[in-house]
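Novice: Protein chains in written order, with my numbering: chain A, 518 to 815; chain B, 56 to 392. We treat Cβ as the ideally placed atom computed from N, Cα and C, and that holds for glycine.
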Amino acid sequence: MDALHEGKLKRLEELATSIRETVIETLITAGSGHTAGPLGMADIFTALYFHVLNHNPKKPNWPERDRLILSNGHICPVLYVTMAYAGYFPVEELKTLRKINSRLQGHPHRSALPGLETTSGPLGSGLSQAIGVALAARLDKKSYRVYCITSDAEIQEGNYWEAAMFAGKQKHRLSNLTVIVDRNNIQIDGFTEDVMPLEPLAEKFEAFNWHVLEVDGHNMAEFVSAVSEAEAVYEKPTVIIAHTIPGKGVSFMENDYKWHGLPPGKVKHPDEPPPERQGELALKELRTLGKKIKSEHE
Amino acid sequence: MIMLNPEAKLNPKIFDEDIEMKPTRDGYSEGLLAAGEQNPNVVALCADLTESTRVEAFAKKYPERFFEIGVAEQNMATIAAGLGISGKIPFISSYATFSPGRNWEQIRTTIAYNDSNVKIAGHHAGVSVGPDGATHQATEDIAIMRVMPNMKVFVPCDAIEARKAVLAAAGVWGPVYMRFGREKSAVITTEETPFTPGKAEVFWDSSLRSERLKPQAVLIACGNLVYNALLAAKELEKEKIGTIVLNNHTLKPMDEKRIIEMAKKTGAAVTVEEHQITGGLGGAVAEVLSRNHPVPMEFIGLQDTFGESGNPDELMEKYGMGAEDIIKAVKKVIKRK
């Protein structure tokens, strides 16, 4: 993988903003779905699909492609939008998210849409699926890499730790596996550390014999450099704990767990803008980058 | 006169005292090994029960294609799901109470819905597990797997059929559940006995050689209890009560055509299974017949109760799954016509 030079970094940052806007538009049309996670992970998805992954949207079943396993399927709006931008399917199709007869199911379904590597939604089982895919690569002597995105709260699932224990066993040589944990500190019922504390998280993975890296999940250069380091690690899987801001880019959504599972227009709370204005305000803020620039739409 | 169906090519020593006894899990072992020889993409996973689920032979011959998961059935199912969407044909093995018992949701989402090519072997099925008691006696597994879209379900009647079922599972695309018993059971079939997934076989038919003894009920059985059904049919024959015994080894997809045909021919049905009568074979046959050709039915199996410790013969008797119980059920169902 090439280093991320300044010109490309700027282009990717702009792209991530466009992806956030389209996520909001898509959620408004869908009328239900998750907002905070997709906005928080837009930078990482952009970096993966437009810089890190060795893939070909025109050939989604290309055997040598890198695999991206999304474990926390509920953040699929950002997956779908990024895939559409990358050319897997028309951007126009995003309007069908969560509607009947759509390829864009409310939680991703592998058989429905070419380019989806697995079906996910029930939490805690993506990591072990990624391990299975990575083991298949070893058996077939393939050099593709396996990336697995998980949420932080799903680490509360027992299956997750079964998988972490297996992957850390040296015999399995799962250095072809890189896990990215979206450490955004929120879950439906509140903040992770109130609901069921995860800290000390890095130490937990280290104790399970993983190579552990921590990055700012909104700094693409830092993220890409961590991915490169993971590729260089020998005989161990790597986990990149990416610290992100849920709802990133929309001030009234940031770090607010009320936006975990609802789309713009559906959060009724005295601290929030009136529901009928939530979509419009979110888009305005994204288009002006928090009023730093004048939007071309104005 | 013995009315075994000659086309089924059953073991000629079937009613001898010294009939060969072999657990169906041994058939799993042989089938897995053969599948591994035939196809390099076959891999095996086990959750710390390599010896008792008979994965040992495969693990020794193909160590690079065997994955010891430890005591973690959810992880076993989901790692297999990942392998299965990457061109491998994973077989996962544990006791059926744990897999598919404990990891049902993982199987549902990541294997069945995901259409991952995983084969699930549930061992120690039924109360014949014996002394270990009800925690280790799976009596609900057929129901919880049969209900799952995209899943096929095989319940082989003996060790030879078990081997064939494993090879068939390896050869067919998509998720399959297979059920095996711990105890030795009668080897009633031979290598020549037909086994086609989804096709129930007539093992016994009173009308085959004597038109005078019209079959009055069909015994639809699966697993090791096919043998008890045959023993019952033989005894009933002595009392001039004709029957048909159907080996219903595939619980999904059901051989609806054959079941309807036999119900029409006999006018009554008794299902025989080492499983809860709700949701298992009894439920499946009732679903087919109620929609197509309702006839009086009786159900041999566990009647909404857990098993317990004991030796297998005692347990079969106590829970009403012996040949005597089947004979009573046949007489009762005929009276209800």
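1) Please state the DSSP three-state secondary structure of W228/B.
2) Which same chain residues, not among the five before or five after D310/B, have their C-beta less than 8 Å away from its C-beta?
3) What is the DSSP secondary structure of E353/B, counted as helix, strand or coil?
4) Figure out for me which residue from G297/B, N283/B, E75/B has the closest Cα to the Cα of T321/B.
5) Can you give the Cα-Cα distance for I810/A and K801/A, rounded to whole angstroms?
6) Could you name the residues of the region 152-168 of chain B whose beta carbon sits closer than 8 Å to any beta carbon of chain A, in the order they occur along the chain?
7) What separation, rounded to the nearest whole angstrom, lies between the Cα atoms of P61/B and E246/B?
8) Which residues mark the beginning and the end of the alpha helix (DSSP H) in which E372/B is found?
9) Measuring only between beta-carbons, confirm whether A650/A sits less than 8 Å from chain B.
10) Just list the alpha helix (DSSP H) runs in the region 539-592 of chain A, keeping only unbroken ones of 4 residues or longer that don't cross its boundaries, in chain order.
11) Taking Cβ positions, are G337/B and G356/B nearer each other than 8 Å?
12) Assess contact between the region 666-678 of chain A and the region 521-539 of chain A, defined as three or more Cβ pairs (one per stretch) separated by less than 8 Å. Is contact present?
13) Taking the alpha-carbon positions, what's the I697/A to P625/A distance?
14) Give the DSSP-derived three-state secondary structure of K207/B in the structure shown.
15) Is A284/B closer than 8 Å to I74/B when the C-beta atoms are compared?
16) Quick check on W579/A: buried or exposed, where buried means 16 or more other Cβ atoms within 10 Å of its Cβ?
17) Quick one: which residues of the region 126-138 of chain B get their C-beta closer than 7 Å to a C-beta of chain A? List them in chain order.
18) For chain A, check one thing: does any of its Cβ atoms lie closer than 8 Å to the Cβ of G6/B?
19) Determine, using beta carbons only, whether F122/B comes closer than 8 Å to chain A.
20) Alpha carbon to alpha carbon, how far is A102/B from I124/B?
21) So the beta strand (DSSP E) L621/A belongs to, where does it begin and stop?
22) Could you say which of S107/B, A198/B, A214/B lies nearest to Q331/B if we only look at CA atoms?
23) At the level of alpha carbons, what is the spacing between K64/B and V257/B?
24) So, does the region 609-618 of chain A touch the region 682-691 of chain A, judging by three or more C-beta pairs under 8 Å?
25) Going by DSSP in three states, Y664/A sits in which element: helix, strand or coil?
26) Beta carbons nearer than 9 Å to chain A: which residues of the region 168-179 of chain B have them?
27) Which residues of chain B have a Cβ atom closer than 8 Å to the Cβ of Q687/A, listed in chain order?
28) Taking 8 Å as the cut-off, decide whether the C-beta atoms of S149/B and E128/B are in contact.
29) Let me check understanding here. Comparing Cα to Cα, which of E710/A, S549/A, I703/A, L694/A lies closest to V729/A?
30) Would A287/B pass as a contact of V385/B if the rule is Cβ separation under 8 Å?
31) Nearest chain A C-beta to N94/B closer than 8 Å, yes or no?
32) Using alpha carbons as the reference points, say which of V756/A, K775/A, L798/A lies closest to P787/A.
33) Taking the C-alpha atoms as reference points, what is the distance between M206/B and L306/B?
34) Under a three-way DSSP split, which group does T259/B fall into?
35) Just to confirm the assignment, what range does the beta strand (DSSP E) spanning S742/A have?
Specialist: By the coordinates alone:
1) coil
2) G253, K254, A255, N303
3) strand
4) G297/B
5) 11 Å
6) E160, Q161, T164, T165, Y168
7) 14 Å
8) 367-373
9) As written in the sequence, residue 650/A is Val, which differs from the Ala given in the question. Output row for V650/A: interface = yes.
10) 553-557, 559-564
11) yes
12) no
13) 18 Å
14) strand
15) no
16) exposed
17) A127, Q129, N130, T133, I134, A135, A136, G137, L138
18) Since the first and last residues shown for chain B are 56 and 392, residue 6/B lies out of range.
19) yes
20) 5 Å
21) Careful: L621/A lies outside any beta strand (DSSP E) and carries neither H nor E.
22) A198/B
23) 11 Å
24) no
25) strand
26) Y168, N169, D170, S171
27) Neighbours of Q687/A on chain B: none; closest Cβ ~14 Å, over 8 Å.
28) yes
29) L694/A
30) yes
31) no
32) K775/A
33) 10 Å
34) First, the residue type needs correcting, since residue 259/B is Trp and not Thr in the sequence shown. The answer is strand: DSSP assigns W259/B an E or B state.
35) Run containing S742/A: none in the beta strand (DSSP E); it sits in the alpha helix (DSSP H), 737-749.
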